[in-house]
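Remarks on the structure that follows.
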Amino acid sequence: MKFSIGAVILAAGEGKRLKLDAPKPLAPCLDKKLVDFPIRELKKFINNNKITGRLTAVVGHKRELVQTYIEKNYADIHFAVQERQLGTADALRSYFNSSTETKNCEFTLVICADTPVVSEIELTDMFNELKAKNLDGIAATFTEEVPTGYGRIIRASKGFHIVEEKDASDEQRKITEVNSGLYILKTSYVLEHLEKIDSNNKSGEFYLTDVFKDGLNVGVSLFKNKKTFLGVNTLTQLEEVEMALREKIITLHRNNGVRFIDSKNVYIDSEVEIGYGTTIYPQAYLTGKTVIGQNCLIENGAILKNSKLDDNAQVLAYSSVEETHIKNGASAGPYARLRPGTVLGEKSKIGNFVELKKAVLEKGVKVSHLSYVGDAFIGEESNIGCGFITCNYDGANKHVTKIGKNCFIGSDSQTVAPVEIGDDCFVASSSTITKNMPNGSFAISRGQQMTKEGIWPKF
Ligand code: UD1
Ligand code: CA
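To convert, note that position 392 of the sequence shown is 1077 in my numbering; the numbers rise steadily by one, no gaps.
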C-alpha cells in the first residue's frame, strides 16, 4: 500500500534533564505517558483528514520499555531503532532505513515525543499550508520572549534556516521566533537533503534542522499560542505542560456549556466527557473514562474514577466514586464512598459516611447515614436507616444480601449474608438478620430491655 503520510515520532533521546527513571517518552503526563499524546493526535489527524498514514516511533534509549508500552497500547505502530543518539537527523535516517515503505510515502511528518500539547489542529493547518503553497517542507514556529534552548529561525527572502542555541551568534540569540521541532516535508525533498547533513557544529550532532535552507522552497508556519509547542526537557516543563493540557481540556468543556467555579483547581483527565449544564466546584478530580451527563453537580473535592453519571446526578463534597454508575437524579455524599460495581438507581440518595461496594440500588433507595452496603441488592424505594451494615464476609468468602422493594430497615441493624429480605418488609432497629424474611414480614432480633430501679449509685 502506498501511504500519503509517513509520520515519525522521535522518541529515542535519553531525556537526562528530566531526572526520572523512566525514559522520557514514558514520563507520566496527566493520566497517560508523554508519548501517548503525539500518537493520539496523529491518529486523529489521519482519520479526520482521511489520509492514508503510516506511523513509526524511533526508539533508542531504553527502547524495550518504550516499544513494549507502545505495542501494548496501539496496534498499528512501526518501530525504527536508533542505536546511538547522534541527533535528530540521525534519528530520521534510522527511520528511513527501517523499511522501504517509509520512502514511498509522499510526505514525511516529524513530531517529537516530548511536545504533548500539539494537537491535530496544528497538524492539519500545517498540512493545508504546505499543500496550498506547494512547499517542499514546512516547520511550525512560535515566538518566545525568552528563547533559551530553542533553535532560532533565520528567515530569508526565500526559504529559511535554523540555528541551534549553541551555534548561534549573540545577534542570532536575540531572535525570538523559534523552532517547535514539528515538520511536514515532501519525502523526496527530505531524502535528498538528509544525506548531506553533517555534524560540524558545537554539539557534534546531526541536526535535522539543517534540512531547511535559504533559497529553497521551504516555509514556516508561525503559530500564535506558544503553549501549544511547550517541550518537556525538565520536571518544571513537565508541570507546565500538564497545566497547559489541563487548561485545554477545561476550555473545551467550558465551551460545551460546563460551568466551573474555580477551574484552576479542577483536575480532569483527557478522556472524561461532561454534559451541558453541569457545574463543577473546586478541587474536583475527574479521571479515567468518566462520563458525566447534563445538569449534574460535582462538588468540592469529589473524586470520580471511571464512573458514569446520568443527567441530573450529584456527587457532593468530598465523595469518592469509582467504577460506579449513578443514574438520573441520584445523589451521593457529602463524604460518601462508592466503590467498584456500584449502581445507584434513579433518584436514590446516599448520605454522609456511607460506603457501598458492588451494591446495586434501585430507584428511590435511601441510605442516608453511616452505613456499609457490600455485595448487595436493594429494591426500589427501600429506606435504610442509620448505621446499617451488610455483614458480607465470613472470614473466607463474600456473600450476597438481597433486600426487596419498599422495605424499611431500622437504624443500627445488620444483615448476615447470605440472606434475603422480601418486598415490603420491616426490620426493627438494632436487629441482626440472619434468616430470610418473606414478603410483607416484620423482624426484630434484639435483647429485651431490663430496667432495674435504684441500682445505679449516685455519686
Ligand atoms: C530540538 C530542535 C530545536 C527545537 C527544539 C524544540 C534539533 C537539532 N533541534 O532541540 O531546534 O527548537 O527541538 O523542542 O532538532 N531524539 C532522538 N534521537 C536523537 C536525539 C533526539 O530520537 O539522537 C528525539 C528526542 O527523544 C526528542 C526529540 O528528538 O523527542 C528532540 O530532541 P531534543 O534533544 O529534546 O532536542 P532539543 O534540544 O529540544
Ligand atoms: Ca526537546
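Ideal placement from N, C-alpha and C gives every residue a C-beta, glycine not left out. In this text the structure is predicted, and so the values were computed from the model without any measurement.
Check your understanding: What is the C-beta distance between Ile1088 and Gly1070, in whole angstroms, given that I count them as a contact (C-beta under 8 Å)?
Key -> Here residue 1088 refers to the residue found at position 403 when the sequence shown is read from its first residue. Here residue 1070 refers to the residue found at position 385 when the sequence shown is read from its first residue. At roughly 12 Å, the Cβ-Cβ gap does not stay under 8 Å, so Ile1088 and Gly1070 are not in contact.
Point to revise | Rounded straight-line distance, which links the Cα of Leu893 to that of Leu711 | key: Along the sequence shown, one-based indexing puts residue 711 at 26. Along the sequence shown, one-based indexing puts residue 893 at 208. Going from the Cα of Leu711 to the Cα of Leu893 covers about 23 Å.
Exercise for review: Check whether the Cβ of Gly822 lies closer than 8 Å to any heavy atom of ligand 1, and answer yes or no.
Suggested key: Counting from one through the sequence shown, the residue named residue 822 turns up at place 137. No, the beta carbon of Gly822 sits no closer than 8 Å to any heavy atom of ligand 1.
Practice item. Would you tell me roughly how many angstroms separate the C-alpha atoms of Glu850 and Val720, rounded to the nearest one? Key: Locating residue 850 in the sequence shown gives position 165, where the first residue counts as 1. Locating residue 720 in the sequence shown gives position 35, where the first residue counts as 1. The alpha-carbon atoms of Glu850 and Val720 are separated by roughly 25 Å.
Exercise for review: Leaving out five residues on either side along the sequence, give the residues of the same chain with a beta carbon under 6 Å from the beta carbon of Gly1111.
Suggested key: Looking up residue 1111 in the sequence shown gives position 426. The amino acid at residue 1111 is misidentified as Gly; the sequence shows Phe. Cβ neighbours of Phe1111 beyond the five flanking positions: Phe1093, Phe1127.
Check your understanding: With respect to 8 Å, is the separation between the Cβ of Asp852 and the closest non-hydrogen atom of ligand 4 below this value?
Key -> No copy of ligand 4 appears in this structure; the ligands present are ligand 1 and ligand 2.
Review point. What span of residues does the alpha helix (DSSP H) with His846 cover, start to end?
Key: Working through the sequence shown from its first residue, we reach residue 846 at position 161. Note, His846: premise wrong, no alpha helix (DSSP H); beta strand (DSSP E) at 845 to 848.
Point to revise | Beta-carbon contacts of Leu870 that lie in its chain and below 6 Å, excluding the five residues immediately before and after | key: Walking along the sequence shown from the start, residue 870 turns up at place 185. Scanning its chain for C-beta atoms nearer than 6 Å, with the 5 sequence neighbours on each side dropped, one finds around Leu870 the residues Thr793, Gly822, in chain order.
Point to revise | CA-to-CA distance, Arg1131 to Gln1099, given in whole angstroms | key: On the sequence shown, residue 1099 is found 414 positions in, with the first residue counted as 1. On the sequence shown, residue 1131 is found 446 positions in, with the first residue counted as 1. Between Gln1099 and Arg1131, the C-alpha separation is close to 11 Å.
Point to revise | Whether Ala825 touches Met811 by CB criterion (9 Å) | key: Within the sequence shown, numbered from 1, the residue matching residue 825 stands at position 140. Within the sequence shown, numbered from 1, the residue matching residue 811 stands at position 126. Yes; because the gap between Cβ atoms is below 9 Å, this pair is in contact.
Practice item. To the nearest angstrom, report how far apart Lys887 and Glu932 are at their CA atoms. Key: Numbered from 1 along the sequence shown, position 202 holds the residue referred to as residue 887. Numbered from 1 along the sequence shown, position 247 holds the residue referred to as residue 932. Spanning the two alpha carbons is a distance of roughly 37 Å.
Review point. Thinking just about the alpha-carbon of each residue, which of Leu820, Leu715, Asp852 is nearest to the one in Val802?
Key: Translated into the one-based positions of the sequence shown, residue 802 becomes position 117. That would be Leu715, whose Cα lies nearest to the Cα of Val802.
Exercise for review: Write down the C-beta distance between Leu989 and Leu1001 rounded to the nearest angstrom, noting that I regard them as a contact closer than 8 Å.
Suggested key: For the purposes of this step, residue 989 is taken as the residue at position 304 of the sequence shown. For the purposes of this step, residue 1001 is taken as the residue at position 316 of the sequence shown. Not really, about 12 Å apart at Cβ, beyond 8 Å.
**Study point:** Glu768 versus Arg748: straight-line alpha-carbon distance, rounded
**Key:** Residue 768 sits at position 83 when you count from the first residue of the sequence shown. Residue 748 sits at position 63 when you count from the first residue of the sequence shown. Approximately 9 Å between the Cα atoms of the pair.
Exercise for review: Quick one: give me the first and last residue of the alpha helix (DSSP H) that Arg769 is part of.
Suggested key: For the purposes of this step, residue 769 is taken as the residue at position 84 of the sequence shown. Where Arg769 is concerned, there is no enclosing alpha helix (DSSP H), given that its DSSP letter is neither H nor E.
Practice item. Please report how far the alpha carbon of Arg702 lies from the alpha carbon of Ala696, in whole angstroms. Key: In the sequence shown, counting from the first residue as 1, residue 702 sits at position 17. In the sequence shown, counting from the first residue as 1, residue 696 sits at position 11. So the two alpha carbons sit approximately 15 Å from each other.
Exercise for review: In angstroms with no decimal places, state the Cα-to-Cα distance between Val1050 and Thr1009.
Suggested key: By 1-based counting over the sequence shown, the position of residue 1050 is 365. By 1-based counting over the sequence shown, the position of residue 1009 is 324. If I take the Cα positions, the gap works out to 16 Å.
Review point. Going by the CB atoms, is the gap between Ser689 and Glu791 shorter than 9 Å?
Key: As a first step, residue 791 is located in the sequence shown; it is residue number 106 there, counting from the start. As a first step, residue 689 is located in the sequence shown; it is residue number 4 there, counting from the start. Closer than 9 Å, so yes.
Exercise for review: Can you say whether Val831 is buried or exposed, counting buried as having 16 or more other CB atoms within 10 angstroms of its CB?
Suggested key: In the sequence shown, counting from the first residue as 1, residue 831 sits at position 146. Label assigned to Val831: exposed.
Check your understanding: Hey, how far is the Cα of Val917 from the Cα of Glu927?
Key -> As a first step, residue 917 must be located in the sequence shown, where it is residue number 232. As a first step, residue 927 must be located in the sequence shown, where it is residue number 242. The straight-line gap from Cα to Cα measures roughly 10 Å.
Practice item. Check whether the Cβ of Ile790 sits closer than 8 Å to any heavy atom of ligand 1, and report yes or no. Key: As a position in the sequence shown, residue 790 is number 105, starting the count at 1. Contrary to the premise, residue 790 reads as Cys rather than Ile in this sequence. No; taking the cut-off as 8 Å, the Cβ of Cys790 has no heavy atom of ligand 1 nearer than that.
Check your understanding: Taking the Cβ atom as the reference point for each residue, do Val743 and Ala776 lie within a distance shorter than 9 Å?
Key -> Here residue 743 corresponds to residue number 58 of the sequence shown, with the count starting at 1. Here residue 776 corresponds to residue number 91 of the sequence shown, with the count starting at 1. In contact: Val743 and Ala776 (Cβ atoms closer than 9 Å).
**Study point:** Spatial neighbours of Ile838 in its chain, beta-carbon cut-off 7 Å, leaving aside the 5 residues before and after
**Key:** The count along the sequence shown starts at 1 and reaches residue 838 at position 153. Closer than 7 Å at Cβ, skipping near neighbours: Thr826, Phe845, Ile847, Ile860, Glu862, Val863, Asn864, Val905.
**Study point:** Among Leu876, Val795, Phe764, Gly866, the one whose alpha carbon lies nearest that of Asn789
**Key:** Residue mapping note: residue 789 aligns to position 104 of the sequence shown, counting from 1. Looking from the CA of Asn789, the closest CA among Leu876, Val795, Phe764, Gly866 belongs to Leu876.
Review point. Taking Cβ to Cβ, would you say Thr1086 is nearer than 9 Å to Asp1108?
Key: Working through the sequence shown from its first residue, we reach residue 1086 at position 401. Working through the sequence shown from its first residue, we reach residue 1108 at position 423. No.
Exercise for review: May I ask you to report which of helix, strand or coil DSSP gives Ala742?
Suggested key: Locating residue 742 in the sequence shown gives position 57, where the first residue counts as 1. Strand, per DSSP.
**Study point:** Arg739 versus Glu756, Val693, Ile755, residue with shortest Cα-Cα distance
**Key:** Here the question's residue 739 lines up with position 54 in the sequence shown. Cα-wise, what sits closest to Arg739 is Val693.
Check your understanding: Where DSSP assigns a beta bridge to Leu989, which residues make up the other side?
Key -> By 1-based counting over the sequence shown, the position of residue 989 is 304. In the DSSP output, where bridge partners are listed per residue, Leu989 has Leu971, Val1006.
Point to revise | Collapsed DSSP secondary structure at Phe1062 in the structure displayed | key: Within the sequence shown, the letter at position 377 stands for residue 1062. The answer is strand: DSSP assigns Phe1062 an E or B state.
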